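J.: Sharing a structure, written as structure tokens. Questions coming.
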Amino acid sequence: KNEVEQSPQNLTAQEGEFITINCSYSVGISALHWLQQHPGGGIVSLFMLSSGKKKHGRLIATINIQEKHSSLHITASHPRDSAVYICAVEGNKLVFGAGTILRVKS
Amino acid sequence: DAGVTQSPTHLIKTRGQQVTLRCSPKSGHDTVSWYQQALGQGPQFIFQYYEEEERQRGNFPDRFSGHQFPNYSSELNVNALLLGDSALYLCASSLVHAEAFFGQGTRLTVV
Chain A
1 KNEVEQSPQN
11 LTAQEGEFIT
21 INCSYSVGIS
31 ALHWLQQHPG
41 GGIVSLFMLS
51 SGKKKHGRLI
61 ATINIQEKHS
71 SLHITASHPR
81 DSAVYICAVE
91 GNKLVFGAGT
101 ILRVKS
Chain B
1 DAGVTQSPTH
11 LIKTRGQQVT
21 LRCSPKSGHD
31 TVSWYQQALG
41 QGPQFIFQYY
51 EEEERQRGNF
61 PDRFSGHQFP
71 NYSSELNVNA
81 LLLGDSALYL
91 CASSLVHAEA
101 FFGQGTRLTV
111 V
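Protein chains in written order, with my numbering: chain A, 1 to 106; chain B, 1 to 111.
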């Protein structure tokens with residue numbers, strides 16, 4: 001079993017829809033990261049959180065340490081949100097999920 | 001601030017050759033980590049450098065080695081290249097236990 005599991009693997013949404021991507025992990029962590037990767041490879045850090053909830057624009061990330069679960073929400077989705085979203089947990093190193101491929105159609 | 005920069009952006013090598021990839025961390029960052037990302041998969045941790053020493057290492061063979069220089073820049077070396085080494089190699093810099101910033105990656109193709 002992978003230490004970090006993401007769901008869904010693939011997600012297609014219509015522009016304007018509310019999107020949720022989930023991440024479950026099985027190890028102790030000091031922090032959890034949500035990352036965005038566009039075609040071509042570059043990774044952008046969206047959030048780093050160790051408790052509670054963070055919001056940045058249309059993006060919201062939550063984490064439940066007791067349940068070892070985090071969610072990334074995108075409100076009012078837009079085609080430019082199309083990317084791979086990756087959850088990574090930090091112990092003594094970063095361990096990544098396989099990513100969720102999001103496609104937002106106009 | 002240029003952020004994390006990696007060079008080259010693309011590289012094609014032949015099986016058996018050696019390759020060196022380079023990473024300049026974000027200004028002020030002292031920790032550099034390297035990751036290998038195969039097509040369609042999440043990145044896998046190779047190793048992390050701090051104060052010019054390898055501090056952590058993932059499950060990669062000794063063909064993968066690295067170095068960190070006094071200015072915190074880093075190199076990743078891969079010897080005796082295999083076809084399976086073809087991947088996107090990502091570098092990330094940070095301060096210890098702080099948010100990581102990623103470079104654009106080096107796309108290595110081994111033929």
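Each residue gets a CB set at the ideal place from its N, CA and C atoms; glycine is no exception.
Please read these numbers as outputs of a predicted model, since none were measured by experiment.
1. Thinking I21(A) and Y85(A) are a contact (beta carbons under 8 angstroms), I'd like their distance in whole angstroms, please.
2. At 3 residues or longer, what runs of the beta strand (DSSP E) sit wholly inside the segment 18–71 of chain B?
3. Please report the Cβ distance between Q41(B) and A83(A), rounded to the nearest whole angstrom; I am assuming they are in contact, meaning their Cβ atoms lie under 8 angstroms.
4. Straight-line CA distance for Q48(B) to N71(B)?
5. Do the CB positions of V110(B) and L82(B) come within less than 8 angstroms of each other?
6. Work out the CA separation of A31(A) and R57(B) for me, nearest whole Å.
7. Determine the closest residue to I65(A) out of E90(A), V104(A) and S106(A), with distance taken between C-alpha atoms.
8. Taking L113(B) as the reference, which of L90(B), R15(B) and A100(B) has the closest Cα?
9. Measure from the C-beta of G57(A) to each C-beta in chain B and report whether the shortest distance is under 8 angstroms.
10. Is the CB-CB distance between N52(A) and F102(B) below 8 angstroms?
11. Anything in chain A within Cβ reach of R22(B), meaning under 7 angstroms, just list it in chain order.
T.: In short:
1. 5 angstroms
2. Secondary structure in the segment 18–71 of chain B: the beta strand (DSSP E) runs of 3 residues or longer, each lying completely within the stretch, are 19–24, 31–37, 44–50, 53–57 and 64–68 in chain order.
3. Not a contact, Cβ separation roughly 16 angstroms.
4. 15 angstroms
5. Contact: yes.
6. 19 angstroms
7. E90(A)
8. In the structure as shown, chain B starts at 1 and stops at 111, and residue 113(B) therefore has no counterpart that could be examined.
9. no
10. Looking at the sequence provided, one finds Gly at residue 52(A) rather than Asn. Against a cut-off of 8 angstroms, the Cβ pair of F102(B) and G52(A) comes out as no contact.
11. Per Cβ cutoff of 7 angstroms: no residues; R22(B) is ~16 angstroms from chain A at best.
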